[in-house]
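Undergrad: As given, the protein sequences belong to chains L and W, one line each in that order.
Residue 166 in this note's numbering sits at position 166 of the first sequence, with consecutive numbering throughout.
Residues are numbered in this note's numbering as their position in the second sequence, beginning at 1, plus a constant of 1000.
2 protein chains.
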Amino acid sequence: MPRVKQRTPQLRDHILEVARTSLAADGIESIAARRVAADAGTSIAAIYELFGDKAGLIREIFYDGFRRLRDHLDTADATDDPIADLRALMRAFREFARANPSLISVMYARPYDDFAPGPAESATGNATREAVTGRVRRAIEQGRLHGNAGDIAHVLLATCQGLALQETAGWLGTSVASRNRRWNLAADMLLTASATTAQQRR
Amino acid sequence: MPRVKQRTPQLRDHILEVARTSLAADGIESIAARRVAADAGTSIAAIYELFGDKAGLIREIFYDGFRRLRDHLDTADATDDPIADLRALMRAFREFARANPSLISVMYARPYDDFAPGPAESATGNATREAVTGRVRRAIEQGRLHGNAGDIAHVLLATCQGLALQETAGWLGTSVASRNRRWNLAADMLLTASATTAQQRR
DNA sequence: AGCCAATCAGAACAATGTTTCGAAAGCAAC
DNA sequence: GTTGCTTTCGAAACATTGTTCTGATTGGCT
């Protein structure tokens, strides 16, 4: 029972909030110790005391991003058509990516040197994947897809990741119409039942 | 008719070669002006005179990466089965990514702040995509796929990009066997004829 | 009130991107 | 060979950033 000042999570949460806002507004380069400290009205030392180093701060943004992504995916609630639900999931992923391009970049492209993901980060990513796996499993149970639910979910998310990075990476060489078309096409190509029956034969 | 010293491409090519090697060996953080200059036996100023800034140097590595990727994809030569050819293309993409993880990261994840891709970079990416588009078109002509060749190629490459970034991003939370399985599953899901017929109904 | 961890303020160091300046070197025409 | 122009070099200098350190201050807890 320490009779000492307790470290409240307020300062840590506040710094994280500021860093998230700064990332969304001005990109990854705005996550600099001096700037975050100034914007949060705190000291540079506090950041290092609370997060260890810059990679630690970004790691927390990374974690939080996956939590938010999963929450956003959960807003697409389940209907009686699991294939339609998976299409909705892809749509929700795209919405999230377009609303948070810098965050998606941190989560899936890692635009910084230091932060090397480890088992914990992998687990966070897996937790997000669970939201997809569950719906894939329902589609399998209803005979609309065939194969391993985890593998199918992984492929679906990989495609979403690739499409989203292409779309948010900045150059925007294509029209909105063709990007819409390609997201729909991806869902068509991935979610047709006969596609995954081939896997059974493998 | 200038009676002046001509700028030969030798120094530029040598610096690029050194930078590519350094990237492959030690990652993106090893691309630093002082280090590249020292490794190349040249001066820091030369880098700025030849490439403008660090982003310019990385841009050239980016360009070259797409050229090499296209060359590697071309090594998977065409047979009489265009679907098998597209599977071979995906395999070749994966081989390239696993052999050049840092380069793939520069090309598709952009692990640095400065270099913002523009129309020229987009064109380079499109050129690589052409290698895929041609084979997709052959599959369409033979009735094995249906839809817009460019869109299908884009989705195929987006999936390759997502799978490759997941695989080479470092954490490797999964076994080689499951990664093999997922690449095969992705090909199954994407390259089944009936999958893309849905697009026609759209 | 007093203890003690949390936090701050500011300096300091290293690494990096970038620019500048003048000197050295190479190539082409005379 | 000499001259003129460009390339390339060498080194210094500046700004920014990540990071650490040291000592002072603060605020909750007993």
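Cβ coordinates follow ideal geometry from the N, Cα and C atoms, glycine included.
Only a predicted model underlies this, so the values are computations on that prediction, with no experimental measurement involved.
Check each candidate in W/G1143, W/A1120, W/L1156 and W/F1115 and name the one with the smallest Cα separation from W/A1131.
TA: Nearest of W/G1143, W/A1120, W/L1156 and W/F1115 to W/A1131, Cα basis: W/L1156.
Undergrad: If the cut-off is 7 Å on Cβ atoms, which residues from the region 1015 to 1029 of chain W count as contacting chain L, listed in chain order?
TA: Cβ contacts with chain L: I1028 and E1029.
Undergrad: With a CB to CB cut of under 6 Å and the five nearest residues on each side skipped, what residues in its chain are close to W/A1120?
TA: So the list is empty, once near-sequence residues are dropped.
Undergrad: If you draw a straight line from the C-alpha of W/L1073 to the C-alpha of W/F1093, how long is it?
TA: C-alpha separation (whole angstroms): 7 Å.
Undergrad: Among the candidates W/I1083, W/A1037, W/H1154 and W/A1127, whose CA atom is the shortest distance from the CA of W/D1064?
TA: Selected option, being the one with the closest Cα: W/A1127.
Undergrad: Beta-carbon within less than 8 Å of L/F66's beta-carbon, same chain only, minus the 5 sequence neighbours each way: which residues are those?
TA: Cβ neighbours of L/F66 beyond the five flanking positions: M107, T124, G125, A127 and T128.
Undergrad: Just confirm the distance between the C-beta atoms of W/L1165 and W/S1102, as a whole number of angstroms; I'd bet it's less than 8 Å.
TA: That pair is no contact at about 12 Å.
Undergrad: Answer yes or no: does any C-beta atom of chain L fall closer than 7 Å to that of W/V1136?
TA: It does not; no Cβ of chain L falls within 7 Å.
Undergrad: Please return the same chain residues whose Cβ sits closer than 8 Å to the Cβ of L/R137, not counting the five positions on each side in sequence.
TA: Result list for L/R137: A149, in chain order.
Undergrad: Determine, using beta carbons only, whether L/R12 comes closer than 7 Å to chain W.
TA: Chain W contact via Cβ: absent.
Undergrad: How do the region 79 to 88 of chain L and the region 28 to 36 of chain L stand: do at least 3 beta-carbon pairs fall below 8 Å, yes or no?
TA: Not touching, per the Cβ criterion.
Undergrad: Please identify, using Cβ separations under 8 Å, the residues of the region 1151 to 1178 of chain W that lie next to chain L, in order along the chain.
TA: Flagged, chain order: D1151, I1152, H1154, V1155, L1157, A1158, T1159, C1160, Q1161, G1162, L1163, L1165, Q1166, A1169, G1170, W1171, G1173 and S1178.
Undergrad: Using 7 Å as the limit for Cβ to Cβ distance, is L/A149 near chain W?
TA: Answer no: the Cβ-Cβ gap between L/A149 and chain W never drops below 7 Å.
Undergrad: In the structure shown, what three-state DSSP assignment does W/I1031 receive?
TA: Reduced to three states, the DSSP call for W/I1031 is coil.
Undergrad: Is L/H146 helix, strand or coil when you go by DSSP?
TA: Note: L/H146 maps to coil in three-state DSSP.
Undergrad: Determine the contact status of W/T1174 and L/T159, defining contact as a CB-CB distance below 7 Å.
TA: No, Cβ-Cβ distance for W/T1174 and L/T159 is not below 7 Å.
Undergrad: Among W/H1146, W/A1045 and W/A1139, whose alpha-carbon lies nearest the alpha-carbon of W/R1034?
TA: The shortest C-alpha separation from W/R1034 is found at W/A1045.
Undergrad: How about W/A1131: is its C-beta nearer than 7 Å to some C-beta of chain L?
TA: So, not an interface residue.
Undergrad: Does W/A1084 have its Cβ less than 7 Å from a Cβ in chain L?
TA: Answer no: the Cβ-Cβ gap between W/A1084 and chain L never drops below 7 Å.
Undergrad: Against chain W, with Cβ distances strictly below 7 Å, would L/E40 count as a contact?
TA: It should be noted that the sequence gives Ala, not Glu, for residue 40 of chain L. Not one chain W Cβ lies under 7 Å of L/A40.
Undergrad: Got a sec? Which residues, its chain only, sit under 7 Å from W/R1070 by beta carbon, not counting five neighbours each side?
TA: Result list for W/R1070: A1127, T1128 and A1131, in chain order.
Undergrad: Within the same chain, show all residues whose beta-carbon is closer than 8 Å to that of L/V18, passing over the 5 residues directly before and after it, in chain order.
TA: Excluding positions up to five away in sequence, the list reads V36, D39 and A40.
Undergrad: Closer than 7 Å by C-beta to L/R179: which residues in its own chain qualify, once you throw out the five before and the five after it? Chain order, please.
TA: If we look at L/R179 and ignore the five residues flanking it on each side, its Cβ neighbours are E167.
Undergrad: Between W/A1139 and W/L1089, what straight-line distance do the alpha-carbon atoms span, to the nearest angstrom?
TA: The alpha-carbon atoms of W/A1139 and W/L1089 are separated by roughly 13 Å.
Undergrad: Figure out for me which residue from L/A116, L/F51, L/A153 and L/R144 has the closest Cα to the Cα of W/L1185.
TA: Of the candidates L/A116, L/F51, L/A153 and L/R144, the one whose C-alpha sits nearest the C-alpha of W/L1185 is L/A153.
Undergrad: I'd like to know whether the C-beta of W/A1090 is nearer than 7 Å to at least one C-beta of chain L.
TA: The sequence shown places Met at residue 1090 of chain W, not Ala. So no, W/M1090 is outside the interface.
Undergrad: Using a Cβ-Cβ cutoff of less than 7 Å, which residues in the same chain neighbour W/A1109 once the five nearest sequence positions on both sides are dropped?
TA: Same-chain partners within the cutoff: L1165.
Undergrad: For chain L, find out if any of its Cβ atoms is closer than 7 Å to the Cβ of W/I1186; answer yes or no.
TA: Going by the sequence as given, residue 1186 of chain W is Ala instead of Ile. For W/A1186, the answer is yes, since a Cβ of chain L falls inside 7 Å of its Cβ.
Undergrad: Looking only at its own chain, which residues have a Cβ that is under 8 Å from the Cβ of W/S1043, when we skip the five neighbours before and after it?
TA: Closer than 8 Å at Cβ, skipping near neighbours: A1037.
Undergrad: Can you check which of these residues, L/L57, L/A177 and L/R135, is closest to L/T79 by C-alpha distance?
TA: Residue L/R135 is the option with its Cα nearest to L/T79.
Undergrad: Cα separation between W/I1061 and L/T192?
TA: Cα to Cα, the separation comes out at about 39 Å.
Undergrad: If you compare alpha carbons, which of W/D1026, W/I1015 and W/G1056 is closest to W/F1115?
TA: Here the closest residue by C-alpha is W/G1056.
Undergrad: Once the 5 residues before and after L/I15 are set aside, which same chain residues still bring their CB inside 6 Å of it?
TA: Hits under 6 Å: A40.
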